[in-house]
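Q: Let me give you the structure first, and then I'll get to my questions.
Numbering (the working numbering), first residue to last: 198 to 369.
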């Protein structure tokens with residue numbers, strides 16, 4: 198009928214080799230961000246030769262758990278193949294692939310922001326607010342840091358040189 202559909206990769210397809218270390222189970226859906234390893238390699242090369250830190254904040258898990266591809270159209274979930282160019286496509290970040298074998302630090306967004314002092318800063322800012330503005334401000338803090346909200350869904354990964362000090366936000 199001319200509609201877009203998902204398909205199976207041939208066993209010899211270039212991206213299939215990237216899954217060798219994942220022990221895929223037959224019949225299970227696996228997402229493979231083919232370019233992720235190349236991006237991490239380029240970031241790592243830059244960090245190795247010029248120093249610095251790469252900080253990645255996004256939603257996902259340490260290891261991708263299958264089919265996380267989703268589409269949002271008009272603020273609602275949609276079939277990712279139904280409206281090409283009219284829906285925003287997204288997928289969870291596979292932090293394990295990003296970290297690779299490079300020195301890294303990993304935590305939840307809630308822990309990261311709390312360690313950076315977001316609660317003290319939010320309290321200070323809230324002192325000048327009242328009514329609905331104060332409620333909105335405190336609700337935003339809750340949404341960003343609470344484990345039942347974005348606090349656990351979003352993760353923070355720092356890629357650093359081997360001897361680099363622990364970045365702010367990662368110390369217990």
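Idealized CB from N, CA, C, for every residue including glycine. Every value quoted in this text rests on a predicted model; they were computed, and no experiment measured them.
If you measure between the beta carbons of residue 351 and residue 254, is that distance less than 8 Å?
A: Against the chain shown, residue 351 aligns to sequence position 154. Against the chain shown, residue 254 aligns to sequence position 57. In contact: residue 351 and residue 254 (Cβ atoms closer than 8 Å).
Q: Exposed or buried, which one is residue 239 when buried takes at least 16 other CB atoms within 10 Å?
A: As a first step, residue 239 is located in the chain shown; it is residue number 42 there, counting from the start. Exposed.
Q: The alpha helix (DSSP H) with residue 309 in it runs from where to where?
A: The count along the chain shown starts at 1 and reaches residue 309 at position 112. Taken as a continuous stretch (DSSP letters only), the alpha helix (DSSP H) holding residue 309 covers 306-312.
Q: Terminal residues of the continuous alpha helix (DSSP H) containing residue 235?
A: Counting from one through the chain shown, the residue named residue 235 turns up at place 38. Residues 233-247.
Q: Please classify residue 290 as buried or exposed, where buried requires at least 16 other C-beta atoms within 10 Å of its C-beta.
A: Here residue 290 refers to the residue found at position 93 of the chain shown. Its Cβ being crowded by 16 or more others within 10 Å, residue 290 is buried.
Q: Run through DSSP, which three-state label would residue 345 get?
A: On the chain shown, position 148 is the one that residue 345 refers to. It is coil, neither helix nor strand.
Q: Which whole-angstrom value is the C-beta distance of residue 364 and residue 302, which I expect to be below 8 Å?
A: For the purposes of this step, residue 364 is taken as the residue at position 167 of the chain shown. For the purposes of this step, residue 302 is taken as the residue at position 105 of the chain shown. Going by Cβ atoms, the distance from residue 364 to residue 302 rounds to 6 Å, so yes, they are a contact pair.
Q: Rounded to the nearest angstrom, what separates residue 267 and residue 292 at their Cα positions?
A: Position 70 of the chain shown, counting from 1, holds the residue named residue 267. Position 95 of the chain shown, counting from 1, holds the residue named residue 292. C-alpha separation (whole angstroms): 18 Å.
Q: Applying the criterion that 16 or more other CB atoms from any shown protein chain within 10 Å of the CB defines a buried residue, is residue 214 buried or exposed?
A: The residue labelled residue 214 in the question sits at position 17 within the chain shown. Low per-residue confidence applies at residue 214: pLDDT is 49, beneath 50, and the placement is therefore not dependable, though the value from the model is reported in the following sentence. It is exposed - the Cβ of residue 214 has fewer than 16 other Cβ atoms within 10 Å.
Q: Since residue 244 contacts residue 357 with CB under 8 Å, what's their CB separation in whole angstroms?
A: In the chain shown, the residue the question calls residue 244 occupies position 47. In the chain shown, the residue the question calls residue 357 occupies position 160. At roughly 7 Å, the Cβ-Cβ gap stays under 8 Å, so residue 244 and residue 357 are in contact.
Q: Hey, how far is the Cα of residue 347 from the Cα of residue 234?
A: Mapped onto the chain shown, residue 347 falls at position 150. Mapped onto the chain shown, residue 234 falls at position 37. Those two C-alpha atoms are separated by around 26 Å.
Q: Shortest alpha-carbon distance to residue 188 belongs to which of 248, 316, 324?
A: Given a span of 198 to 369 for the chain in the structure shown, any question on residue 188 remains unanswerable.
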